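>
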Amino acid sequence: MSQAENTDSTAAGEASAGTVTLVPEIRQRLLELVARSQQVMAHGWMIRTFIKHCDEVEDFPELNEMARTIFDVFRAVETQTDDPVNYFRTVRKKLAKLKSAAEQFQKDAWHASTHTNFQQCAIAAKFLGQQLEELLQQAEAVLPRPVPPKITLPGRPPAS
21 MSQAENTDST AAGEASAGTV TLVPEIRQRL LELVARSQQV MAHGWMIRTF
71 IKHCDEVEDF PELNEMARTI FDVFRAVETQ TDDPVNYFRT VRKKLAKLKS
121 AAEQFQKDAW HASTHTNFQQ CAIAAKFLGQ QLEELLQQAE AVLPRPVPPK
171 ITLPGRPPAS
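For the sequence shown, this note's numbering assigns the number 21 to the initial residue and increments by one for each residue that follows.
1) Following the continuous alpha helix (DSSP H) through HIS73, name the residue where it begins and the one where it ends.
2) Got a sec? Which residues, its chain only, sit under 6 Å from LYS72 by beta carbon, not counting five neighbours each side?
3) Can you tell me the Cβ-Cβ gap for TRP65 and ILE90, rounded? I've got them flagged as a contact below 8 Å.
4) So, using beta-carbon positions, are VAL93 and TYR107 closer together than 8 Å?
5) Is the beta carbon of LEU163 closer than 8 Å to that of VAL111?
6) How many Å lie between GLU76 and ALA159 at the Cα?
7) By the DSSP assignment, the alpha helix (DSSP H) with GLN126 in it spans what residues?
8) What does the alpha-carbon distance come out to for the pair THR41 and PRO166?
9) Can you tell me which of the three DSSP states GLY175 falls into?
This is the structure we're talking about:
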């Protein structure tokens, strides 16, 4: 049984050590957010494609960092679309790097070219990070909070 199937086997909405149990309505909402995130990532893939195929990259290789970061985020989440809890956990881990790369790309792109394509690509790269952050916030609003482990100290009765 996969972790996603295991997490769906009960109807509670709680989190515990490494396993998350989701009620069907929450799982469905999270899967909708994953689908929207994948649409946003498709937009990001087109940003990557523009950067990879523009002639200016030969003279300004630092532009490739944005393309590499998009690739890294895409590859990290693409296999987790059926597991929304881990999908958004991965987005959380990758988001700061993506936003940082977009900020740097916005600075570097102006040195490479003032063409509208570069200006729009810089705007789109920042928007990609903003959109993923908004989707992450929506997902975290419906995700159950982790339940701390129960610890019994020696010589003390368990708390009830």
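In this text, a Cβ means the ideal position worked out from N, Cα and C, and glycines have one as well.
Keep in mind that this is a model prediction, so the values were computed, not measured.
So, from the listed chains and residues:
1) 44 to 73
2) ALA87
3) 7 Å
4) no
5) Taking 8 Å as the Cβ cut-off, VAL111 and LEU163 do not qualify as a contacting pair.
6) 38 Å
7) Here the alpha helix (DSSP H) through GLN126 covers 104 to 132.
8) Taking the CA atoms as reference points, THR41 sits about 10 Å from PRO166.
9) coil
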